[in-house]
Each structure stands twice: as structure tokens, then as C-alpha cells.
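Undergrad: Numbered per the numbering used here, the sequence shown spans residues 6 to 331. Yeah, the Cβ is synthetic: ideal placement off N, Cα and C, and Gly gets one too. Please find one structure pasted underneath; my questions will follow.
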Amino acid sequence: MHNRIPRVSLGHFPTPIDHLPRLSRLLGGPQIYVKRDDLTGLAGGGNKTRKLEYLIADALEQGATTVLTTGAVQSNHARQTAAAAARFGLRCYLVLRSMAPEHTTGNLLLDRLLGARVRWAGDRNPFEVMQEIANEERVAGRKSYIIPYGGSNPIGASAYVDAMEEAVRQSLDAGIRFDVMVFPSSSGGTQAGMVVGARAANFQGRVLGISVDEQSEPMRQNVQELAELTRAYLGLRFELDPEDIEINDDYLGGGYAVMGAAEREAIQLVAREEGLLLDPVYTGRAMAGLIDLIRQGAFQRDQTVLFWHTGGTPALYAYAHDLLAR
Ligand SMILES: *Cc1c(COP(=O)(O)O)cnc(C)c1O
């Protein structure tokens, strides 16, 4: 759709949409479908694959030889960036927050396998550390490209404009009308892109982000700004309605990346009813939110929900202890 923006191929698209009939029946609410962005295919997959198709293209266009990014210890964005860099022969530095954990597992294990150079930020601002590495690289004659946290800038968010258009096309082809789309929201690029895409593709339903780590007010601001920048970047000429940015922050639980009973229940329920794996940090929490909303009667039985599986399952292994707790 946006041919003028450079893009490389990293994933398999369109990702499929699956129906979850057993979960839908068990909850007695709307029909639940899943958009399988966990199946993008890049070293474990996930929503960052779409963003990286544009971000890596931009890095290459600028002549970069090294890409840098930052995230949490179990960052899916870091893992997919490492894989994307490997595919294009780029050096990759990951500046991860805090300190090296005792066990190298989950995404961190994959970061290492994929050849990324990992630096621990400790108490330092990771952006400062990335600047420092970029300077070292420059001295060594290499050009760095810094990918923002979560890949969330207008370039990365553009990928979710496409993703929304992709899903709307699939829904038209299948003759299914989605009343609401639900997904985990964090650095905001996914939601910003989807909000712009919803307008671009004339999607009539709700676009509901479940916050995984922030109160809805600062987040709404962030998503609104990013959506506006993304709209302008793509040269789209409509006006965004602030009302279209819906964020629910009722499910923050114990805070970012802390697994509680709600996430555990959601992950186990979906695994046991549908044979579908969710992740401990994002989709487990967003599904816990969706399940709670359905139990509260927030949707009609004749409605249809599209839940976006944004990936993250490699992190399951890092949460073995919490997942098996009771
Ligand atoms: C990064 C991530 C998200 C959040 O996407 P944002 O664009 O940062 O809001 C959701 N789910 C998974 C699995 C992720 O890795």
C-alpha cells in the first residue's frame, strides 16, 4: 500500500486468523478470533517483525553497518532485531536494562544464538549507552543506526497501518465483521499504527489496547502523538479522533513483566482449551483483560472480537517457575 517507503522482507504475510471456538463457548460471550502475528516467522516471530521490515530498510538506505536497540531482559523486540540484523549481515548491539540474570534463557538465549552483542545498562540510561556504542563504532569506521525502544517511531508504526489494512481485507474476504480488536499495548507503535490503519481502511469497530505497563493517560498522549506523526509521515490526509485511542489500564497487575494469577490463568486456559501458546508479559496480560471484560459482560454474545497475538512466546521459558506456581 505504501510503496514509496523502503521495505525489506523479513516475515510471512498475511498472518492467518484463527477462530477460538472452545474458548468462546467456555466464556459464553462473543466469538473470539486471533490474528496470528506470533507467526511472522522471524526467529520466533512477533509484532516487531513488521516494524523491522521498514526500520531495517531505513538503516540500509542510510548506509548503516551496525544496528542498536534497547529493551528489557526478555525483550522480544531485541530478539527480533538481532534476527533481522543477522539476515542482512549487520552488526547488532542490544542494550538491555539492569543486569545480567543468573540464567541465560528465553529471548536472551536467542539474542546470543543470533549473534547479538549484549550490553547491560545497569543503572544507566540505555539511550546514553547506545550513544556511547555508536561513538565507538564510528571510531572503528562503522555507521550505526539506533532503533528506538519497541521500534516505535513513525517508520515502525507504519507497519501496523499495513497490518490493520491486511486484517480488514481478511475480514472482508472471510465475511466476518470484527466489532472490536484487542491487543497488548506498550511502547505504542502497534496501537498508533492500528488507529491510523483503521481510518485508512475504514474499519468501523473499536481498537482497544490493553496497557501492559503504563497508566492510560500518559499512554494515550504518547499513542496520539505517534499516530499523528505516522499519519503525516504517510501523507494521509484525514484527521484522527482522540476518541479512537482507547486504552484500558485495569490489568497492570504487579507491574511490567511481573506474572500474577490473572496472566497465569489466561495462559493456561488458552493453552488447554485451544492448544495456543500466549506469552507471559504481553498477550497473557491482554488475554487476561479480555477474559475479565467478557466475564463482566462488556461485549454482546453476537459480537466478534479479534485478539491480536503479538508474539513473545520464547519468554515462556524464562517464567517456568511462575507459570507452574499455584
Ligand atoms: C513489543 C510487544 C508488544 C507491544 O507493542 P508496542 O508497539 O510496543 O505497543 C506487544 N506484544 C509483544 C509480544 C511485544 O513484544
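Between R277, V166 and N112, which lies nearest to G4 when the distance is taken from Cα to Cα?
TA: Given a span of 6 to 331 for the chain in the structure shown, any question on residue 4 remains unanswerable.
Undergrad: Please classify V200 as buried or exposed, where buried requires at least 16 other C-beta atoms within 10 Å of its C-beta.
TA: Sequence index remark: in the sequence shown, residue 200 carries index 195 (1-based). Per the 10 Å Cβ criterion, buried.
Undergrad: Buried or exposed: where does V144 fall if 16 or more other Cβ atoms within 10 Å of its Cβ makes it buried?
TA: The residue you call residue 144 lines up with position 139 of the sequence shown. Classification for V144: exposed.
Undergrad: Does the beta carbon of P285 fall short of 7 Å from some heavy atom of ligand 1?
TA: On the sequence shown, position 280 is the one that residue 285 refers to. No.
Undergrad: So does N158 have its beta carbon nearer than 7 Å to some heavy atom of ligand 1?
TA: On the sequence shown, position 153 is the one that residue 158 refers to. It does not: the Cβ of N158 is nowhere closer than 7 Å to a heavy atom of ligand 1.
Undergrad: Please determine whether the Cβ atom of S191 lies at a distance below 7 Å from any heavy atom of ligand 1.
TA: The count along the sequence shown starts at 1 and reaches residue 191 at position 186. Yes, since a heavy atom of ligand 1 falls inside the 7 Å radius drawn around the Cβ of S191.
Undergrad: Can you tell me whether N81 sits near ligand 1, meaning its C-beta is under 7 Å from at least one heavy atom of the ligand?
TA: As a working note, residue 81 is residue 76 in the sequence shown. Yes, Cβ of N81 sits closer than 7 Å to a heavy atom of ligand 1.
Undergrad: Should K53 be counted as a contact of ligand 1 given a C-beta to heavy atom distance under 7 Å?
TA: Residue mapping note: residue 53 aligns to position 48 of the sequence shown, counting from 1. Indeed, a heavy atom of ligand 1 lies less than 7 Å from the Cβ.
Undergrad: Could you tell me the distance, in whole angstroms, from the CA atom of R204 to the CA atom of F243?
TA: Your numbering for residue 204 matches position 199 in the sequence shown. Your numbering for residue 243 matches position 238 in the sequence shown. Between R204 and F243, the C-alpha separation is close to 8 Å.
Undergrad: Say yes only if the C-beta of G194 is nearer than 7 Å to one or more non-hydrogen atoms of ligand 1, and no if none qualify.
TA: Sequence index remark: in the sequence shown, residue 194 carries index 189 (1-based). At least one heavy atom of ligand 1 is nearer than 7 Å to the Cβ of G194, so yes.
Undergrad: So the candidates are T315, L283 and R236; which of them puts its Cα closest to the Cα of L328?
TA: One-based indexing of the sequence shown puts residue 328 at position 323. When only C-alpha atoms are compared, the closest one is L283.
Undergrad: Along the chain, which unbroken stretches of the alpha helix (DSSP H) at least 4 residues long are found entirely within the region 215-248?
TA: Listed in chain order, the complete alpha helix (DSSP H) runs (minimum 4 residues) inside the region 215-248 are 221-238.
Undergrad: Grouping DSSP H, G and I as helix and E and B as strand, with all else coil, what is N112?
TA: Your numbering for residue 112 matches position 107 in the sequence shown. Of the three classes helix, strand and coil, the one that applies to N112 here is helix, per DSSP.
Undergrad: Hey, out of A197, V173, L15 and V187, whose CA is closest to S157's CA?
TA: Position 152 of the sequence shown holds residue 157. Cα-wise, what sits closest to S157 is A197.
Undergrad: Comparing alpha-carbon positions, which option in R277, G180, P285 and H314 lies nearest G259?
TA: Translated into the one-based positions of the sequence shown, residue 259 becomes position 254. Taking only the C-alpha atoms, the option nearest G259 is P285.
Undergrad: Whole angstroms is fine: what's the gap from T404's alpha carbon to R96's?
TA: Look at the range of the chain in this structure, 6 to 331, and you will see that residue 404 is not part of it.
Undergrad: What ranges does the alpha helix (DSSP H) occupy inside the region 12-73, keeping only unbroken runs of at least 4 residues that lie completely in it?
TA: Counting whole runs of 4 or more residues, the region 12-73 contains the alpha helix (DSSP H) stretches 26-32 and 53-66.
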